[in-house]
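Here this note's numbering is used: the first residue of the sequence shown is 703, the next is one more, and so on. See structure below.
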Amino acid sequence: MLKNILKFTIAGALALGITACTDTKESKKSVDEKVEAKQTTIKIGATPVPHVEILEAVKPLLKAKGYDLEIVEFTDYVTPNIAVNEGELDANFFQHLPYLTEFNKNKNTNLVKTVNVHLEPMGLYSNKIKALSELKDGATIAVPNDPTNESRALDILVKEGLLKFKDVDFKTVVDIVENPKNLKIEELDAPQLPRVLDEVDAAIINTNYALAADLNPLKDALVIESKDSPYANIVVVKKGNENKEYIKALDEVINSSEIKKFIREKYQGSIVEAF
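The following block contains the structure:
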């Protein structure tokens with residue numbers, strides 16, 4: 703009889719132990735699911751113009767879907783990518799795909815594009831000349847110093863017949879093979895370019911920085927990048943998060959007809975939608 707009681711006691715204890723383990727696993731799963739379900743705030747990094755302005759228009763549309771959008775402003779092209787990669791931000795919105803590809807390669811980050819949003823045609827600006835034909839021999843032209851934007855800026859000079867380059871993926875000054883006007887190319891951080899217009903003969907400036915300096919690409923640029931450029935600005939997240947419900951909601955809103963209308967009315971062609 704005692705042996706039977708012991709058998710039942712041990713069996714019961716084992717059953718309780720198995721049940722307890724199962725309950726613990728189920729509870730952890732339930733907690734994890736609740737944590738995932740609680741993601742109702744989307745934290746996104748962006749440069750000021752036009753990215754933050756577009757995101758401000760996105761805010762009420764996302765709110766209607768049950769999400770709060772927290773916008774964190776940056777003035778450089780490195781920190782917002784590091785912040786997304788380290789999980790401090792859910793997403794960012796400031797760059798194009800060629801820049802992202804090069805950044806991932808150089809910084810060993812694991813970031814991916816979700817959707818195209820808009821194109822900012824890069825332009826050549828000057829406070830010293832009124833037309834490109836006035837550009838003198840030996841003139842200095844400032845360009846962005848990050849690899850993709852520098853190459854993109856130099857492509858504008860190629861298209862205007864001012865320079866020729868070796869056949870390389872990303873052009874730099876060392877790749878120049880023909881320079882008939884002996885132009886001097888000055889490589890600077892992109893945010894600095896509007897500030898040096900009085901010091902150089904011309905500068906090729908990203909539209910977000912041009913707009914922030916009250917320069918209108920359609921009115922003020924002597925030369926502007928073609929609208930068929932592959933450099934659309936994109937939403938970026940850490941790989942593995944692109945199918946999260948809150949990211950899908952963000953992508954849907956930022957590619958909505960309401961945001962397309964906002965871009966067209968707000969920027970009057972100086973920025974164009976890319977979706």
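For glycine and all other residues, C-beta sits at the position ideal for the given N, C-alpha and C. A quick note: this is a predicted structure, and the numbers were derived from the prediction, not measured.
- If the five residues before and after His753 are omitted, its C-beta is found closer than 6 angstroms to the C-beta atoms of Phe795, Phe796, all from its own chain and listed in chain order.
- Along the stretch 871-913, the beta strand (DSSP E) occurs as fully enclosed runs of 3 or more residues at 878-880, 886-890, 904-907, listed in sequence order.
- Of the other Cβ atoms in all chains shown, fewer than 16 fall within 10 Å of the Cβ of Thr743; this residue is therefore exposed.
- In the same chain as Asp839, and ignoring 5 residues on each side of it, the C-beta atoms closer than 7 angstroms to its own belong to Lys883, Asn884, in chain order.
- Less than 8 angstroms divides the Cβ of Thr850 from the Cβ of Glu804.
- Contact annotation: Lys946 and Leu813 have beta-carbon atoms that are not nearer than 8 angstroms.
- If one requires a minimum length of 4 residues, the alpha helix (DSSP H) runs lying completely within the stretch 849-873 are 849-861, in chain order.
- In this structure, Ala905 sits near Tyr827, with a CB-CB distance shorter than 8 angstroms.
- Fewer than three Cβ pairs drawn from the stretch 957-966 and the stretch 885-899 lie within less than 8 angstroms of each other, which leaves the two stretches out of contact.
- When secondary structure is reduced to three states using DSSP, Lys921 falls in the helix class.
- A residue is called buried when at least 16 other Cβ atoms come within 10 angstroms of its Cβ; Asp857 meets this threshold and is buried.
- Excluding sequence positions up to five before and after Leu763, its CB lies within less than 8 angstroms of the CB of Val955, Ser958, Glu960, Ile961, all in the same chain and listed in chain order.
- In the three-state scheme derived from DSSP, where H, G and I count as helix and E and B as strand, Ile956 is classed as helix.
- Between Leu834 and Val925, the C-beta spacing is below 8 angstroms.
- The beta carbon of Asp953 sits closer than 7 angstroms to those of Thr816, Val817, Val937, all from its chain and outside the five residues before and after it, given in chain order.
- The Cβ neighbour count for Ala855, taken over all protein chains shown within 10 Å, is at least 16; the residue is labelled buried.
- The continuous alpha helix (DSSP H) containing Tyr801 extends over residues 799-809.
- Taking 8 angstroms as the cut-off, the beta carbon of Leu890 is found no closer than this to the beta carbon of Ala841.
- With respect to the 8 angstroms criterion, Val780 and Gly747 are not classified as neighbours on the basis of their beta carbons.
- It is roughly 11 angstroms from the alpha-carbon of Ile831 to the alpha-carbon of Ala923.
- Within the DSSP secondary-structure output, Pro846 pairs in a beta bridge with Leu890.
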